[in-house]
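Here is the structure we will look at, set down as structure tokens.
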Ligand code: SF4
Ligand code: SF4
Ligand code: FES
């Protein structure tokens, strides 16, 4: 019997402590065949389980261009994420996925890309950023505007350094006022403000925005003022999910089941939804 | 083809003898409920409709989907549920029979086949007894069904004037059931008892309702809070509803050994959509009630291409603050009629 709720077993191969409460796990399928056959698209998510505690939904944070493993970044907030965060290298977790839709990468070819992320919401864009960097010639300019409350809250610090050094990436890092530290070389200010200052051109461009609701709201406003149309701006929606398969009935925004029909949408699509966010 | 009341009892007895699970209306704690028969004598067919639906035989309230053991850091995981019982629902009502297709439409949506449902349903037959009347809460006729509608039934039994039933096998499964029950079904015909369909909920028009619900602007209409303000979020309406399909997936057990379960859940509960970070997109109870209504009359028909409400009236009978889904259907129909008038828009 095909059991759509049965996870695959994965081993934690590596752990990065991103912030005091955010961790990135590198996971490898225990089943050799799965390791070879598994594929996904940038923007998709999965359900990760700590056996005995339950399942939680996070995106797949590594790019599809890097095969053989899965990376995911999550914050310790509740029982399941707490139990997951207590695991160590070599421990076993459950994985179901990939689920959901993805960014239309082919349609981004030749375009300038603007990534806008806040706090713990960089992971769903990190997958896209690396997919682009791994096929750099297919895309135009790449701008990343990333901010967090404080320097400590920035995730993927080593990668930020790497992007900062690359001549083919324009990285703008910022922390909220008061979140800076001595030696901080980035900006100080909220993401939407910094985005407006960076003033990326909407010509032949798409913007991808992920972050807390308030940041998204004002970043979309800023992009609008810069001349971006709603069709040029993508975001990912989040809701509580249990099945990931369009059955448990809880991730819907009005008549849209995010787990099956999302999580990737253009702003134009989001504006057409029932006000159920 | 005919079958008598005694014939039905014999059919139940025969099936039980063969080890088939027979789900039928019984009396438990003075309430009519669908239950798995322990003996054929438990069948209680004189009630209008059971308090529960029989969905629990296809979609159990709690069900193990996987078992795991953890030792020395390694996890052993085993899928559950390869075998499902042969089941016959005996004495279903036409509304409930019709609801099976609705649940199936969700549990097979977009090619994702939940075998815990379909595996059970594939081994189940539904023998329905048509109604001759409704009670005050029935409204099958408002959702396109009828007291004798055949949808979802493998065998439909229509009451005759003598107190027996005229039987019609509608599917292969139904025919096989008849073929295996020699002597219980008899040749012949008899006059049917007169049917008094429940009056359609006054001016409740499913098409009009769908049109009004499809306008995202109406999601903010004051009608929702006004109608559903008194809902206390107990969730009972969803538990008794034959088409409510929401569930949770939880781990239970001891530290090193446990199971993953699929448990009924309800969109009426406040934690249902609450994010771990605290935000809740459906924070108010009236928003949760709206979700249930939208699900029945918009999401089911447009997404799953099936009927979200079969008009069984159970949610009306059980709601102890007296919320009546047909009242809202009427209010929406009225609203839709008003907003359809060009003068009201300008
Ligand atoms: S919504 Fe109410 S009347 Fe409709 S099928 Fe469910 S319980 Fe029955
Ligand atoms: S409508 Fe009635 S039965 Fe349903 S949750 Fe609200 S109070 Fe409970
Ligand atoms: S997560 Fe279950 S329906 Fe979307």
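Residue numbers (the numbering used here), protein chains in the order written: chain B, 452 to 728; chain P, 28 to 373. Built from N, CA and C at the ideal position, the CB exists for glycine as well. These numbers were taken from a predicted model, which means no experiment stands behind them.
- The beta-carbon distance between residue 651 of chain B and residue 639 of chain B, rounded to whole angstroms, is 20 angstroms. This is too long to meet the 8 angstroms contact definition.
- Within chain P, the C-beta atoms nearer than 8 angstroms to that of residue 452 of chain B come from 106, 108, 109, 142 and 146, in chain order.
- Not one heavy atom of ligand 3 lies closer than 7 angstroms to the C-beta of residue 131 of chain P.
- Between residue 456 of chain B and residue 93 of chain P a beta carbon distance of about 7 angstroms is seen, short of the 8 angstroms cut, so the two are scored as contacting.
- By the Cβ-count criterion, residue 459 of chain B is buried, with 16 or more other Cβ atoms from all chains shown falling within 10 Å of its own Cβ.
- Per the coordinates, the alpha-carbon of residue 588 of chain B lies some 23 angstroms from the alpha-carbon of residue 649 of chain B.
- DSSP places residue 149 of chain P inside the alpha helix (DSSP H), whose first and last residues are 142 to 149.
- Closest by C-alpha distance to residue 284 of chain P, out of P:104, P:348 and P:293, is P:104.
- The C-alpha of residue 145 of chain P lies about 8 angstroms from the C-alpha of residue 135 of chain P.
- The three-state secondary structure of residue 675 of chain B, taken from DSSP, is helix.
- In terms of beta-carbon proximity, residue 308 of chain P lines the interface with chain B, with at least one pair separated by less than 8 angstroms.
- Beta bridge pairing from DSSP links residue 624 of chain B with B:597.
- Per DSSP, residue 507 of chain B is one residue of the beta strand (DSSP E) stretching across 505 to 510.
- Per DSSP, the unbroken alpha helix (DSSP H) holding residue 575 of chain B starts and ends at 574 to 585.
- For the pair residue 531 of chain B and residue 501 of chain B, the CB atoms are nearer than the 8 angstroms cut-off.
- C-alpha of residue 287 of chain P to C-alpha of residue 95 of chain P: approximately 8 angstroms in a straight line.
- Judged by beta-carbon spacing, residue 504 of chain B lies within the 8 angstroms limit of residue 278 of chain P, meaning their Cβ atoms are closer than that value.
- Relative to ligand 3, the beta carbon of residue 701 of chain B is positioned inside 7 angstroms of a heavy atom.
- Counting only runs of at least 3 residues, the stretch 630 to 673 of chain B fully encloses the following beta strand (DSSP E) elements, listed from N- to C-terminal order: 656 to 661.
- What residue 509 of chain B touches in chain P, judged by beta-carbon distance under 8 angstroms, is nothing: the nearest beta carbon there is about 11 angstroms away.
- Between residue 599 of chain B and chain P, the shortest Cβ-Cβ separation is not below 8 angstroms.
- If the five residues before and after residue 632 of chain B are omitted, its C-beta is found closer than 7 angstroms to the C-beta atoms of 602, all from its own chain and listed in chain order.
- Fully contained in the stretch 85 to 119 of chain P is no alpha helix (DSSP H) run of length 4 or more.
- Residue pairing for residue 500 of chain B: DSSP places it in a beta bridge opposite B:506 and B:545.
- Look at residue 100 of chain P: its C-beta is under 8 angstroms from a C-beta on chain B.
- Just measuring C-alpha positions, the residue of B:520, B:512 and B:610 sitting nearest residue 579 of chain B is B:512.
- One Cα belongs to residue 301 of chain P, the other to residue 563 of chain B, and the distance between them is close to 37 angstroms.
- Annotated as distal: residue 662 of chain B and residue 519 of chain B, with beta-carbon spacing of 8 angstroms or more.
- The C-alpha of residue 83 of chain P is placed about 20 angstroms away from the C-alpha of residue 296 of chain P.
- Within 7 angstroms of the C-beta of residue 262 of chain P there is at least one heavy atom belonging to ligand 2.
- Distance from the Cα of residue 345 of chain P is smallest, within the candidate group P:281, P:258 and P:363, for P:258.
- Residue P:187 holds the alpha-carbon nearest to the alpha-carbon of residue 220 of chain P among P:87, P:187 and P:254.
- Listed along chain B, the residues sitting closer than 8 angstroms to residue 294 of chain P by beta-carbon distance are 700 and 701.
- Taking C-beta atoms under 8 angstroms as the contact rule, residue 556 of chain B and residue 582 of chain B qualify, at a distance of about 6 angstroms.
- For residue 184 of chain P, the uninterrupted beta strand (DSSP E) segment begins and ends at 182 to 186.
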